[in-house]
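Quick mapping for you: the protein sequence lines, in order, are chains X and A.
The first sequence maps to residues 1 to 327 in our numbering.
The second sequence maps to residues 1 to 327 in our numbering.
Each residue gets a CB set at the ideal place from its N, CA and C atoms; glycine is no exception.
2 protein chains.
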Amino acid sequence: MATIQEVAQKAGVSVATISRYLNNPAIVAKETREKVEQAIKTLNYEPSMLGRNLRKSESRLLIVLLPSISNPFYTEVINGIEDTAIEKGYNILLCQTDSKPEREEIYFNMMKNRLADGIISMDPTVDRAKLIEIAKNFPLVQCSEYDEEGIITYVTIDNELAAYHAVKHLIKIGHKKIAMINSGEKFLYARERKQGYLRALNESGIPFNPDWIFTTDNLEFDAGRQAMKSLLGKSEIPTAVFAVSDILAIGALKEINLKGLAVPDDIALVGFDKISFSNMTQPTLTTISQPMYQMGSMSVHMLINKINGKHTESIILDHELVIREST
Amino acid sequence: MATIQEVAQKAGVSVATISRYLNNPAIVAKETREKVEQAIKTLNYEPSMLGRNLRKSESRLLIVLLPSISNPFYTEVINGIEDTAIEKGYNILLCQTDSKPEREEIYFNMMKNRLADGIISMDPTVDRAKLIEIAKNFPLVQCSEYDEEGIITYVTIDNELAAYHAVKHLIKIGHKKIAMINSGEKFLYARERKQGYLRALNESGIPFNPDWIFTTDNLEFDAGRQAMKSLLGKSEIPTAVFAVSDILAIGALKEINLKGLAVPDDIALVGFDKISFSNMTQPTLTTISQPMYQMGSMSVHMLINKINGKHTESIILDHELVIREST
DNA sequence: AATACATGTGTAATCGATTACAAATCATCA
DNA sequence: TGATGATTTGTAATCGATTACACATGTATT
């Protein structure tokens with residue numbers, strides 16, 4: 001691998017000239033430029049990012065923290081992140097924490113070690129205190145999550161309103177017995193969506209039945225099944241279910257089918273996230289669509305602003321209710 | 001951010017001593033060590049990877065090339081890659097090509113620019129000639145794909161045998177009219193799986209009906225639906241279908257359901273890959289399980305061997321037929 | 001006491017780029 | 001013609017670490 005020194009020698013100019021050519025070809029004289037181009041071509045030279053990065057003290061790498069890549073909700077967000085990052089000359093390091101603090105630690109250290117220029121955190125389970133500590137010293141934005149105290153810049157949707165819309169839709173098509181499959185209330189979004197659910201019921205004068213709210217301890221398919229199993233075992237069975245994630249809804253759907261009941265005739269079902277699989281089930285799933293690509297794209301813009309020392313405001317984006325066969 | 005120089009000054013020793021402490025604390029005297037530890041702590045020092053990387057001319061980053069992260073087949077492979085890489089002190093750069101050559105180019109350049117130490121390619125659509133060219137000059141292994149000429153080191157399964165097993169299973173449970181939903185034969189694995197399908201039929205004396213082989217132009221859900229629609233429109237309708245990917249199979253399942261037919265009673269269905277969603281459908285999908293985690297893990301071991309200049313042999317791993325409700 | 005060897009530390013070169021500053025060249029114009 | 005300013009290039013310091021080599025000290029051996 002040729003270095004800039006060798007190119008300089010071959011072209012009969014100094015390394016400074018080569019560097020100038022690399023960074024702004026226009027400022028080197030036409031004649032010199034041709035010699036440099038010639039030398040680069042014959043030596044098959046490619047500049048080393050290692051040298052450049054050290055000198056500029058930047059890595060042009062962004063860390064994206066997420067619990068797990070297998071959750072399809074994130075894939076579309078990642079597309080937004082990746083496209084925007086590449087457009088801005090950055091690359092992304094996709095980091096799965098599996099909600100394990102020691103994994104988190106590794107990635108926070110990469111930041112401290114200057115192997116990354118900033119962090120986009122999409123992990124709801126990350127330790128809040130540590131995150132705030134990091135955010136004080138390094139560029140960091142939260143995507144689809146946020147900190148109630150508003151110390152950390154974020155981009156997200158209005159979870160309360162989205163849940164409200166979902167439940168309102170169920171009420172509008174005639175349901176009164178509406179259950180909710182929620183994830184642990186340690187998550188802010190879970191608390192907010194529950195508020196939206198309650199507000200919709202309340203507004204329509206439907207009494208709240210605590211029997212019909214089921215809290216799962218994870219977001220997997222099986223948790224959805226268990227939740228539905230429990231709901232189907234209640235003395236009074238709901239006619240509609242709002243699940244806070246599509247995967248949970250798909251688990252519920254499976255359980256409903258197993259019990260010989262039909263969606264939407266016996267039980268209507270609304271999910272959340274509009275993952276691609278929500279369109280592949282039988283029946284297809286009514287769900288809340290988040291502007292995932294846009295969220296990803298925005299968070300990169302915000303992060304790069306932070307890296308460049310500019311101030312950035314948090315943003316709340318719009319969601320959309322997608323009505324399909326399950327309601 | 002403190003540098004090694006400042007730490008050295010604070011501790012009253014030379015930078016060499018700090019560096020030695022960082023890389024092998026045992027070789028610095030106990031007394032000095034304590035001074036160094038003290039200085040590091042009070043300055044809150046974290047060594048810069050930029051400096052280290054330049055000096056060692058390595059980045060400790062591995063590029064993982066894949067068509068799209070949204071294909072769940074890859075997520076488990078990635079887990080294997082990530083765990084093993086971290087264990088070996090490397091990090092991974094997940095790179096989606098979307099099968100676009102210009103995206104590929106970006107990532108190959110990162111390699112040339114020394115921003116990555118090696119590449120694991122899982123992209124079947126990547127330009128072969130270019131891949132071989134890269135493999136000649138840089139550490140590269142192929143995972144789940146391979147080059148027929150055997151120039152590039154790879155880890156994969158025996159696709160012909162896996163398809164053979166899948167079709168044999170259908171024959172064993174009484175099917176004679178067996179269709180295949182295949183992806184384009186530009187992919188080596190598609191050609192191989194077709195061979196396995198033909199061998200199984202042939203061995204059981206079942207004549208091959210060209211009407212029953214459908215070639216899709218992509219691997220998406222809708223392609224599966226279209227394929228099944230076509231098969232259901234034939235003059236003679238098959239009683240079993242072998243699809244070369246679970247997503248295609250799930251698309252087919254949707255179409256079968258829409259036509260009011262039942263799986264497995266009217267039509268039996270076998271997929272390929274054992275993605276997590278294959279267990280969430282109604283009915284669950286019989287499929288071929290590839291050792292995805294192991295494939296990922298192996299490919300990292302092989303790549304690191306290559307990076308360290310050691311010779312490495314290609315490997316073919318075992319698959320497994322997972323029989324579930326759809327057959 | 002002389003020698004050999006192990007242990008611990010410092011000096012300074014090095015990795016491959018960028019860039020401030022100085023210097024050389026050239027054209028322009030009074 | 002000489003001053004002025006623009007354009008182009010070179011010199012050398014720099015980013016933050018690692019490491020070969022040299023040197024000083026302590027310990028063991030005869």
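Range covered by the alpha helix (DSSP H) that runs through residue i
{"i": "tyrosine 74(A)", "result": "72-87"}
{"i": "serine 19(A)", "result": "15-23"}
{"i": "glutamine 9(A)", "result": "4-11"}
{"i": "valine 36(X)", "result": "30-43"}
{"i": "isoleucine 106(A)", "result": "101-112"}
{"i": "asparagine 328(X)", "result": "Since the first residue of chain X shown is 1 and the last is 327, residue 328(X) is not available in this structure."}
{"i": "isoleucine 307(A)", "result": "292-307"}
{"i": "leucine 198(A)", "result": "188-203"}
{"i": "asparagine 137(X)", "result": "128-137"}
Any C-beta of chain A under 8 Å from that of residue i
{"i": "glycine 51(X)", "result": "yes"}
{"i": "glutamate 149(X)", "result": "no"}
{"i": "isoleucine 250(X)", "result": "yes"}
{"i": "leucine 54(X)", "result": "yes"}
Below-8 Å beta-carbon distance, residue i vs any chain X residue
{"i": "asparagine 91(A)", "result": "yes"}
{"i": "asparagine 113(A)", "result": "yes"}
{"i": "glutamine 294(A)", "result": "no"}
{"i": "leucine 65(A)", "result": "no"}
{"i": "serine 48(A)", "result": "yes"}
{"i": "phenylalanine 221(A)", "result": "yes"}
Within chain X, partners of residue i - CB distance below 9 Å
{"i": "methionine 101(A)", "result": "The amino acid at residue 101(A) is misidentified as methionine; the sequence shows proline. The contacting residues do not exist; proline 101(A) stays about 14 Å from chain X at best."}
{"i": "isoleucine 86(A)", "result": "Arg103 and Ile106"}
Chain-ordered chain X contacts of residue i [CB-CB under 7 Å]
{"i": "leucine 94(A)", "result": "Leu94"}
{"i": "threonine 75(A)", "result": "Ile69 and Ser70"}
{"i": "glutamate 82(A)", "result": "Gln96"}
{"i": "phenylalanine 277(A)", "result": "Phe277"}
{"i": "serine 59(A)", "result": "Leu50"}
{"i": "isoleucine 78(A)", "result": "Ile69"}
7 Å Cβ cut-off: residues of chain A touching residue i
{"i": "glutamine 282(X)", "result": "Lys254, Asn257 and Gln282"}
{"i": "proline 336(X)", "result": "With chain X running from 1 to 327 in the structure shown, residue 336(X) is simply not present."}
{"i": "serine 299(X)", "result": "None at all; the shortest Cβ gap to chain A is about 17 Å."}
Extent of the continuous beta strand (DSSP E) to which residue i belongs
{"i": "alanine 179(X)", "result": "178-183"}
{"i": "isoleucine 338(X)", "result": "Not covered by the structure: residue 338(X). The range shown for chain X is 1 to 327."}
{"i": "alanine 163(A)", "result": "No beta strand (DSSP E) holds alanine 163(A); the alpha helix (DSSP H) holding it covers 159-172."}
{"i": "glutamine 226(A)", "result": "Here glutamine 226(A) belongs to no beta strand (DSSP E); instead the alpha helix (DSSP H) covers 221-232."}
{"i": "glycine 118(A)", "result": "118-121"}
{"i": "valine 218(A)", "result": "In the sequence on display, residue 218(A) carries asparagine and not valine. Where asparagine 218(A) is concerned, there is no enclosing beta strand (DSSP E), given that its DSSP letter is neither H nor E."}
Partner residues on chain A for residue i, Cβ-Cβ distance less than 8 Å
{"i": "phenylalanine 272(X)", "result": "Within 8 Å Cβ-Cβ: nothing; phenylalanine 272(X) doesn't reach chain A, min ~16 Å."}
key: At least three beta-carbon pairs within less than 8 Å, the stretch 235-242 of chain A to the stretch 34-42 of chain A   = Not touching, per the Cβ criterion.
query = If we count Cβ pairs, one from each stretch, closer than 8 Å, do we get three or more for the stretch 228-235 of chain A versus the stretch 249-258 of chain A?
reply = yes
inquiry  = With a threshold of 8 Å, are at least 3 pairs of Cβ atoms found where one atom belongs to the stretch 97-116 of chain X and the other to the stretch 161-180 of chain X?
reply    = no
inquiry  = For the structure I just gave you, are there three or more beta carbon pairs, one from the stretch 27-39 of chain A and one from the stretch 80-89 of chain A, closer than 8 Å?
reply    = no
request  = Decide yes or no for the touch test of the stretch 171-182 of chain X against the stretch 196-211 of chain X: beta carbon pairs closer than 8 Å, at least 3 of them.
outcome  = yes
task = Evaluate the contact criterion for the stretch 58-66 of chain A versus the stretch 116-124 of chain A: three or more CB pairs, one atom per stretch, below 8 Å.
result = A contact is defined here as three or more CB-CB pairs under 8 Å, and the stretch 58-66 of chain A meets this definition with respect to the stretch 116-124 of chain A.
ask   = Do three or more CB pairs link the stretch 260-280 of chain A to the stretch 310-326 of chain A at distances below 8 Å?
value = yes
task = Would you be able to state if there are at least three C-beta pairs under 8 Å between the stretch 164-177 of chain A and the stretch 124-144 of chain A?
result = no
message = Does the structure place the stretch 183-193 of chain X close enough to the stretch 203-212 of chain X that three or more beta carbon pairs sit under 8 Å?
response = Because the criterion of three Cβ pairs below 8 Å is not met, the stretch 203-212 of chain X and the stretch 183-193 of chain X do not touch.
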